[in-house]
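A.B. asks: Questions regarding the structure given below will be posed in turn.
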């Protein structure tokens, strides 16, 4: 029998801490036991377990962690039975940080370092889905720069109009955000998403009616019919002019640029730092390069590249959570040596 894959969580984790409430004490023991089972199950046994069963155990652990967390519960997300969304299936938008550091990251690392190829491939898919979850929980941009609109007074900075944190950064919200700007001619403009009678979701740059915003009483200047992947945040390109009373000089439609405020406490930065600190790129592009693993690497490389965008405070080491020149050089050299680079 193979040796245990990883030690159980330390007593410092919320799941392992003693609780004064008897019910919470019992839940804490159950959580610790479930984590212990998954982290110490031998490789030979883990690979034989159905992935759906593992998913259910992970969902249960997350639910227990959330119930033991001192953070007040937040609105739940719709249930999605797909394996690809197991981490936030029917669960609050952002589980406690300890859930990831105590369990998800060690469990992912166990899978990626398994001697079983199916377990490793499952691990890379698991990491890709973890990245998707982290991106889902990304706080909205603090503002959008609207540029290039034929109506020049619409160009400018639209500011986040939902709830913000004390430092001015945007809080995570499950619904689409809204942004506003007062133009040079005194008009109050709104950048927002509206669900139409057809159930299609459109983004608008409008003068919202003060009494019935999001109705036919709005004056719409530019619009964008969102695809499935454009429903959460305002699209940057692909805008069209709207049919309204002010038809002249409205072409071309604008393009948008998001203005992000780095928040190093978010799950995105946690996941990125985990990938870099554990040298997971080394597992992909190392001496034991495998074509099946390589085929699953693009979302991970793209994610790390995106984490390096934007201005960072001088005291922040971007190399600790984003793709560096060193990584790019290593990937390039590995491709040349292994003969797997496409020409």
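In UniProt numbering, the protein residues as written are 1 to 343.
Ideal Cβ positions, reconstructed from N, Cα and C, are used throughout, including at glycine.
Nothing here was measured: the structure is a model prediction, and the numbers come from that model.
1) Can you tell me which residues form a DSSP beta bridge with residue 321?
2) By alpha-carbon positions, which one of 223, 35 and 46 ends up nearest to residue 58?
3) Should the segment 131 to 146 be called in touch with the segment 252 to 272, which here means at least 3 C-beta pairs below 8 Å?
4) Would you call the CB atoms of residue 229 and residue 242 closer than 8 Å?
5) Our contact map puts residue 353 next to residue 292 with C-beta atoms below 8 Å; I'd like the distance itself, whole angstroms only.
6) If you draw a straight line from the C-alpha of residue 327 to the C-alpha of residue 281, how long is it?
7) Here's the rule: buried if 16 or more other CB atoms are within 10 angstroms of the residue's CB, otherwise exposed. What is residue 106?
8) When you compare only the Cα positions, how much space is there between residue 422 and residue 275?
9) For the candidate residues 126, 336, 212 and 162, whose alpha-carbon lies nearest to that of residue 175?
10) Opposite residue 256 in the DSSP bridges: which residues?
11) Measure the alpha-carbon distance for residue 144 versus residue 182 and round it to whole angstroms.
12) When the Cα atoms are used, what is the spatial distance from residue 111 to residue 26?
13) Take residue 233 as the anchor and find which of 336, 194 and 212 has the nearest alpha-carbon.
14) Do residue 158 and residue 179 have their beta-carbon atoms positioned less than 8 Å apart in this structure?
15) So residue 24 is in the alpha helix (DSSP H); what residue range does that whole segment cover?
16) Quick check: is the beta carbon of residue 44 nearer than 8 Å to any beta carbon in chain D?
17) Here's the rule I'm using: 16 or more other beta-carbon atoms within 10 Å means buried, otherwise exposed. How should residue 319 be labelled?
18) How is residue 330 classed by DSSP in three states: helix, strand or coil?
19) Please name the residue in 64, 127, 48 and 52 whose C-alpha comes closest to that of residue 268.
20) Quick check: the Cα distance between residue 324 and residue 197, rounded to an integer number of angstroms?
21) Could you give the C-beta distance for residue 150 and residue 252, rounded to a whole number, given that I count them as a contact under 8 Å?
22) When you compare the CB positions of residue 219 and residue 211, do they come within less than 8 Å of one another, or not?
23) Which term fits residue 240, buried or exposed, when burial requires 16 or more other beta carbons within 10 angstroms of its beta carbon?
24) Starting from residue 291, trace the beta strand (DSSP E) in both directions and tell me its first and last residue.
25) Under 8 Å, do residue 202 and residue 227 count as touching if we go by C-beta distance?
26) For residue 379 and residue 23, what's the separation of their Cα atoms in angstroms?
27) Between which two residues does the beta strand (DSSP E) harbouring residue 156 extend?
28) Between 337, 333, 332 and 306, which has its C-alpha nearest residue 132's C-alpha?
29) Please identify the residue among 48, 52 and 30 whose C-alpha is closest to the C-alpha of residue 65.
30) CA-CA distance, residue 63 and residue 54?
31) Starting from residue 193, follow its DSSP beta bridges and name the residues at the other end.
32) Going by DSSP, what residue range makes up the alpha helix (DSSP H) through residue 132?
33) Less than 8 Å separating the beta-carbons of residue 135 and residue 254?
34) Who are residue 222's beta bridge partners in DSSP?
C.D. replies: This is what the structure gives:
1) In the DSSP output, where bridge partners are listed per residue, residue 321 has none listed.
2) 35
3) yes
4) no
5) Since the first residue of the chain shown is 1 and the last is 343, residue 353 is not available in this structure.
6) 8 Å
7) buried
8) What the structure shows of the chain is the stretch from 1 to 343, and residue 422 is not part of that stretch, so it cannot be assessed.
9) 162
10) 146
11) 13 Å
12) 29 Å
13) 194
14) yes
15) 22 to 40
16) The structure shown contains no chain D, having only a single protein chain.
17) exposed
18) helix
19) 127
20) 47 Å
21) 6 Å
22) no
23) exposed
24) It is not in any beta strand (DSSP E) - residue 291 instead sits in the alpha helix (DSSP H) that spans 291 to 294.
25) no
26) Because the chain in this structure spans residues 1 to 343, residue 379 falls outside the shown range and cannot be described.
27) 156 to 160
28) 306
29) 30
30) 14 Å
31) 203
32) 117 to 136
33) no
34) 205 and 241
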